[in-house]
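Working notes, beginning with the structure itself.
Protein chains: 2
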Amino acid sequence: MTLDRIDFDLLRLLRKNARLPNKDLAERAGIAPSTALERIRRLREAGVLQGFHAEIAPEAIGIGLQALISVRLAQHSRALLDSFHAHLRGLPEVLAFYHVAGADDFLVHVGVGDSAHLRDFALAAFTERPEVSRIETRLIFEFQRNAELPRHCT
Amino acid sequence: MTLDRIDFDLLRLLRKNARLPNKDLAERAGIAPSTALERIRRLREAGVLQGFHAEIAPEAIGIGLQALISVRLAQHSRALLDSFHAHLRGLPEVLAFYHVAGADDFLVHVGVGDSAHLRDFALAAFTERPEVSRIETRLIFEFQRNAELPRHCT
DNA sequence: GCTGAAAGTGAGAGGAG
DNA sequence: CTCCTCTCACTTTCAGC
Numbered sequence: 005m006t007l008d009r010i011d012f013d014l015l016r017l018l019r020k021n022a023r024l025p026n027k028d029l030a031e032r033a034g035i036a037p038s039t040a041l042e043r044i045r046r047l048r049e050a051g052v053l054q055g056f057h058a059e060i061a062p063e064a065i066g067i068g069l070q071a072l073i074s075v076r077l078a079q080h081s082r083a084l085l086d087s088f089h090a091h092l093r094g095l096p097e098v099l100a101f102y103h104v105a106g107a108d109d110f111l112v113h114v115g116v117g118d119s120a121h122l123r124d125f126a127l128a129a130f131t132e133r134p135e136v137s138r139i140e141t142r143l144i145f146e147f148q149r150n151a152e153l154p155r156h157c158t
Numbered sequence: 005m006t007l008d009r010i011d012f013d014l015l016r017l018l019r020k021n022a023r024l025p026n027k028d029l030a031e032r033a034g035i036a037p038s039t040a041l042e043r044i045r046r047l048r049e050a051g052v053l054q055g056f057h058a059e060i061a062p063e064a065i066g067i068g069l070q071a072l073i074s075v076r077l078a079q080h081s082r083a084l085l086d087s088f089h090a091h092l093r094g095l096p097e098v099l100a101f102y103h104v105a106g107a108d109d110f111l112v113h114v115g116v117g118d119s120a121h122l123r124d125f126a127l128a129a130f131t132e133r134p135e136v137s138r139i140e141t142r143l144i145f146e147f148q149r150n151a152e153l154p155r156h157c158t
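Same order as they appear, the protein sequences are chains A and B. Numbered according to this note's numbering, the first sequence spans residues 5 to 158. Numbered according to this note's numbering, the second sequence spans residues 5 to 158.
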């Protein structure tokens, strides 16, 4: 699938505000509302638009503390990897995770209530797991996401 | 501001699908559409709902490679921190960044076209910067975000 | 603070260019 | 592929509960 300038405009607008009405979307992209509707339907079907998510203030949902936990697995077998992967996906404290190349295999972004919660969680969800060889926890002072599209998406 | 069960329901629904029509939102939360509208307006005004963002397939916008770059600053002065912070916010390759406690000061999630782009970018945006003392780059095999709310948000 | 009706507006489908 | 029109459904406001 090949995207043109109008597709990038629609993506850029939806990336900044996913609840923008179709009418406004069309106007700002310089096309008719029905055309915008059709384009967005196609972008979704092609898997370019994967979803729309609300961003929620962490403190409002009881997240007073965020941390990054580096995890090194005991071995690099496929079975162990899959098992740990599935485990990560089931933890509500996990906000996001990265599977990376390097000495540590995973980097896990977690959100917890307080430091006691963090200690208990790190112990139960990582240290006590058979797949895990070693973890390292870093507190997050600030986390920010970027809603811009790359420069070449003109 | 104190949230009740219905607020959490609305947040949970919008977190999973930010484009869900208000009517459906109300129905699934068990309230009238006008009530849902009012509640969401208040959640936005209170800063609980901070925004709505589309999730876009990286490859579709020319991101063939993602990496995590650990950055250590030369000193920990406020001026240097602010300067580097502002710099990060202006880079389109930066998808997100963490300001963390520990030996490294920042962890930057970047998306680039290919390995040549990554090398050039790491050099120009980090290594050559006066604020930066040292960087370390790790390739990302997989990145996943969690759209669930914490367990206590019933 | 929630409900339900009423007015205004946008979404979405079908057909023409 | 894009636009226009038309219908239908949704959003949004407001008075009443």
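Note that beta-carbon positions come from the ideal geometry of N, C-alpha and C, so glycine has one too. This one's a predicted model, so the numbers in the text were calculated from it and none came from an experiment.
(message) Given this structure, state the Cα-to-Cα distance separating residue 136 of chain B from residue 74 of chain B, to the nearest angstrom.
(response) 10 Å
(message) For a test of the three-state rule: what should DSSP assign to residue 89 of chain B, helix, strand or coil?
(response) helix
(request) Compute the Euclidean distance between the alpha carbons of residue 48 of chain B and residue 108 of chain B, then round it to the nearest angstrom. (result) 35 Å
(request) Determine the chain B residues that contact residue 97 of chain A at a beta-carbon separation under 8 Å, and present them in chain order. (result) 154
(message) Which residue marks the beginning of the beta strand (DSSP E) containing residue 59 of chain B, and which one marks its end?
(response) 53-60
(message) According to DSSP, is residue 82 of chain B part of a helix, a strand, or is it coil?
(response) helix
(message) With a threshold of 8 Å on Cβ separation, who are the neighbours of residue 14 of chain B within its own chain once the five nearest residues in sequence on each side are excluded?
(response) 29, 33, 40, 43, 44, 47
(message) Judging by CA-CA distance, which residue of B:133, B:146, B:8 is the nearest neighbour of residue 87 of chain B?
(response) B:133
(request) Note down, in chain order, each residue of its chain lying with its Cβ closer than 7 Å to the Cβ of residue 126 of chain A, except the 5 sequence neighbours on either side. (result) 73, 139, 141
(request) Answer yes or no: do residue 9 of chain A and residue 153 of chain A have a C-beta to C-beta separation smaller than 8 Å? (result) no
(request) Identify which residue in A:80, A:21, A:53 has its Cα closest to the Cα of residue 54 of chain B. (result) Closest option to residue 54 of chain B, judged by alpha-carbon separation, among A:80, A:21, A:53: A:21.
(request) Could you tell me which chain B residues have their CB closer than 9 Å to the CB of residue 54 of chain A, listed as they occur along the chain? (result) 58, 59, 60, 61
(message) Between the alpha carbons of residue 97 of chain B and residue 116 of chain B, how many angstroms are there, rounded?
(response) Going by C-alpha positions, residue 97 of chain B is about 6 Å away from residue 116 of chain B.
(message) Does residue 16 of chain A pass the burial test, meaning 16 or more other C-beta atoms within 10 Å, or should it be called exposed?
(response) Counting the other Cβ atoms within 10 Å of the Cβ of residue 16 of chain A gives 16 or more, which makes it buried.
(message) Strictly below 7 Å CB to CB, what residues from chain B border residue 64 of chain A?
(response) 7, 52
(message) On the CB-based measure, 16 or more other CB atoms within 10 Å of its CB, does residue 11 of chain B come out buried or exposed?
(response) Counting the other Cβ atoms within 10 Å of the Cβ of residue 11 of chain B gives 16 or more, which makes it buried.
(request) Taking residue 32 of chain B as the query, report the chain A residues whose CB atoms sit under 7 Å from its CB, ordered along the chain. (result) Neighbours of residue 32 of chain B on chain A: none; closest Cβ ~14 Å, over 7 Å.
(message) My output table needs one value for residue 140 of chain B: the three-state DSSP class, helix, strand or coil.
(response) Note: residue 140 of chain B maps to strand in three-state DSSP.
(request) Using 10 angstroms around the beta-carbon of residue 145 of chain A, count the other beta-carbons present and answer buried if the total reaches 16, otherwise exposed. (result) exposed
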